[in-house]
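Residue numbers (our numbering), protein chains in the order written: chain R, 1 to 237; chain E, 1 to 171.
All residues carry an ideal CB built from backbone N, CA and C; glycine is no exception.
Please read all numbers here as calculations on a predicted model, not as lab measurements.
Only one structure is covered here, and it is reproduced in the block below.
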Amino acid sequence: MNDPVPTVKFLGLTFNVANDLSVLITCLIVFVVVFALSRHIAMKPKGGQNVLEWLVEFTNGIVKGSIKGNDASHFGLYAFTLFLFIFVANQIGLFIHIQVGEYTYVKSPTADPVVTLTLSLMTIALAHYAGIAKNGAKAYFKGYLAPFTLFLPLNIFEQFTNFLTLGLRLFGNIFAGEMLLTLISGLTSSDNWISYIYSFPVELAWQGFSVFIGSVQAFVFVTLTSVYISQQLSPEE
Amino acid sequence: MLSHLIIGASGLYLGDMLFIAISFLVLMALIALVAWNPITKMMGERANKIANDIDTAEKSRQEASDLADQRREALSHSRSEASDIVADAKQSGEKQRATIVADAQNEATQYKQNARKDIEQERQDALKNVQSDVADISVQIASKIIKKQLDPEGQQALINSYIEGLGKHES
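Here it is as structure tokens:
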């Protein structure tokens, strides 16, 4: 787990190849799945369209759970993409872990805080943008003084902690899951075949649990995203 | 694994963050293009269609029940009409029967009267004939008797008895 990170410098920016490759693969998987499911869209749904519509209904349900009224329809696509991306990102590390030499190239992208914090930064930025776009800049900045002026540092701090906890919760869950998977697979050794027998069911159980955790964390992330957005949309509540 | 975070805590992650954010946005745009827009459009259309179908079903149900009501009304109407027709027919039949019977009775009495009159007439005729015959015969008898014996008393009695008999016959 303390692998050195393969990095590439380009245009003066440093890129972590492991993160970027994993994100790219996640995006590719999500896109291919959605693309395959959305091929024959008809009034009378069947097959893939049913699955896709169920997913859409599910994420729309999460969004409508906290954002009231007409505003919910603006965030459906974001919630849908976010849910699928995080869900796939959480799961791919469970069965793909490509390591070349001492460099890890492919793993769960959400097991890296940079990825999760980027996602949470996007969410917080979207929430604040939506708040300003809906209520105007004046009302937005007034929101920081609610319920009275003394709350200003507290409110700023709250936004910052929202951003941190949202990203770090996801990172912590997935990172811990991957770490434990690595530990369990480390129990096996090639010169002791019995180790495969007892580590197999443990690995199996933990992978099953990780699938569950990954799904729940994707759900939690999207739920909190819509909660933060709704807080910015209607700050007085 | 976390060592790289500590090493590069000075703006190292801008590239990563940009890459992640941009790839996420591109993914979102592609999903919007490929799946989200058609799916939401279709779902909206379906919702509209279902609403329309429900409305249309309600309307046609209403129409059907209206038609059924009309039919029921027409049926009861025609039933009463039929009973009216039957009653009319019965009545007119009754009337016709009555007139026929009355006519027949009239005719019968007419015939009877005519017959009686005819009989009377014939009787009268017969009586007249008989009277004239009797007169003739009596003349013949008288002449015969006269040829035999012609005494005035006998003749007188004979004629008287004849005339008396005739009077009796006539009454």
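Residues that residue i contacts on chain R, provided the C-beta gap is smaller than 7 angstroms
{"i": "E:A32", "result": "L77"}
{"i": "E:P65", "result": "The residue you asked about is not Pro; residue 65 of chain E is Ser in the sequence shown. Going along chain R, no residue has its Cβ under 7 angstroms from E:S65, so there is no contact; the nearest lies around 29 angstroms."}
{"i": "E:L75", "result": "Ordered by position in chain R, no residue passes the 7 angstroms Cβ test against E:L75, which lies about 41 angstroms from the chain."}
{"i": "E:S23", "result": "V23, L24, C27"}
beta-carbon residue i near the ligand GDP non-hydrogen atom, thresh 7 angstroms
{"i": "E:M28", "result": "This structure simply doesn't include the ligand GDP, nor any ligand for that matter."}
Chain R residues whose Cβ lies nearer than 8 angstroms to that of residue i
{"i": "E:I39", "result": "S38, I41, Q49, L52, E53, V56"}
Chain B residues whose Cβ lies nearer than 8 angstroms to that of residue i
{"i": "E:G44", "result": "The structure shown contains no chain B; its protein chains are R and E."}
Residue i: contacting residues in chain E (beta-carbon distance under 7 angstroms)
{"i": "R:D238", "result": "The structure shown has nothing for residue 238 of chain R, since chain R only spans 1 to 237."}
{"i": "R:F15", "result": "G15, D16, F19"}
{"i": "R:V106", "result": "Those do not exist, as R:V106 stays about 14 angstroms from chain E at its closest Cβ, beyond 7 angstroms."}
{"i": "R:V115", "result": "I20"}
{"i": "R:T110", "result": "The premise fails here: R:T110 is roughly 10 angstroms from chain E at the closest Cβ pair, so nothing lies under 7 angstroms."}
{"i": "R:F83", "result": "Simply none; closest approach about 11 angstroms."}
Amino acids of chain R, ordered along the chain, whose beta-carbon sits closer than 9 angstroms to that of residue i
{"i": "E:K49", "result": "M43"}
Residue i, buried or exposed, once every other Cβ within 10 Å from all chains shown has been counted against 16
{"i": "E:N114", "result": "exposed"}
{"i": "R:T118", "result": "buried"}
{"i": "E:D66", "result": "exposed"}
{"i": "E:W36", "result": "buried"}
{"i": "R:E53", "result": "buried"}
{"i": "R:E237", "result": "Since pLDDT at R:E237 reaches only 46, below the 50 mark, its modelled position is unreliable, and no value is offered."}
{"i": "R:T104", "result": "buried"}
{"i": "E:G15", "result": "buried"}
{"i": "R:F141", "result": "exposed"}
{"i": "R:S120", "result": "buried"}
{"i": "R:T110", "result": "buried"}
{"i": "R:V216", "result": "exposed"}
{"i": "R:M179", "result": "exposed"}
{"i": "E:N106", "result": "exposed"}
{"i": "R:D112", "result": "buried"}
{"i": "R:T149", "result": "exposed"}
{"i": "E:Y111", "result": "exposed"}
{"i": "R:L55", "result": "buried"}
{"i": "R:S38", "result": "buried"}
{"i": "R:M43", "result": "exposed"}
{"i": "R:A218", "result": "buried"}
{"i": "R:S226", "result": "buried"}
{"i": "R:G47", "result": "exposed"}
{"i": "R:F160", "result": "exposed"}
{"i": "R:G76", "result": "buried"}
{"i": "E:A64", "result": "exposed"}
{"i": "R:I156", "result": "exposed"}
{"i": "E:F19", "result": "buried"}
{"i": "E:L75", "result": "exposed"}
{"i": "E:T56", "result": "exposed"}
{"i": "R:L170", "result": "buried"}
{"i": "R:E167", "result": "According to the sequence shown, residue 167 of chain R is Gly rather than Glu. Answer is buried; the Cβ neighbour count reaches 16."}
Cβ neighbours of residue i in the same chain (closer than 6 angstroms, five flanking residues each side left out)
{"i": "E:I7", "result": "Any reading at E:I7 must be qualified, since the residue scores a pLDDT of 45, below 50, and its modelled position is unreliable; no value is offered."}
{"i": "R:V30", "result": "L84, F85, V88"}
{"i": "R:G172", "result": "none"}
{"i": "R:N2", "result": "Because the pLDDT of R:N2 is 48, which lies under 50, any placement of that residue in the model is unreliable, and the question is left without a value."}
{"i": "R:T72", "result": "Per the sequence presented here, residue 72 of chain R reads as Ala, with Thr not at that position. These residues qualify, in order along the chain: V63, K64."}
{"i": "R:A125", "result": "none"}
Contacts that residue i makes with chain E (C-beta to C-beta distance below 8 angstroms)
{"i": "R:T161", "result": "In chain order: nothing, as chain E lies at least about 19 angstroms away."}
{"i": "R:F80", "result": "I31, W36"}
Contact set for residue i: own chain, Cβ-Cβ below 8 angstroms, skip 5 residues either direction
{"i": "R:C27", "result": "F85"}
{"i": "R:V106", "result": "A18, L21, S22, I25, I92, I96, H97, I98"}
{"i": "E:A9", "result": "Low confidence applies here, because E:A9 scores a pLDDT of 45, under 50, leaving its location unreliable; read the following figure in that light. Excluding sequence neighbours, E:A9 sits near nothing in its chain."}
{"i": "R:H74", "result": "A130"}
Other residues of its chain near residue i: CB distance less than 7 angstroms, five sequence neighbours each side excluded
{"i": "R:G177", "result": "S210, I213"}
{"i": "R:W206", "result": "L180, L181, I184"}
{"i": "R:I132", "result": "Y140"}
Exercise. In the region 147-214 of chain R, which residue ranges form an unbroken alpha helix (DSSP H) of at least 4 residues, counting only runs that do not cross its ends?
Worked result: 152-186
For this session: May I have a chain-ordered list of the beta strand (DSSP E) segments no shorter than 3 residues that lie completely inside the region 47-110 of chain R?
Result: 98-100, 103-106
Problem set entry | Under 8 angstroms (Cβ pairs) to chain E, residues found in the region 20-37 of chain R | D20, V23, L24, C27, V30, F31, V34, F35, L37
For this session: Pick out the complete alpha helix (DSSP H) segments inside the region 5-55 of chain E, 4 residues or longer, and give them in chain order.
Result: 14-31
For this session: Only counting runs of 4 or more residues, tell me where the alpha helix (DSSP H) segments fall wholly within the region 97-156 of chain E, in order along the chain.
Result: none
Problem set entry | Interface residues of the region 117-137 of chain R facing chain E [CB-CB below 9 angstroms] | L117, T118, L119, L121, M122
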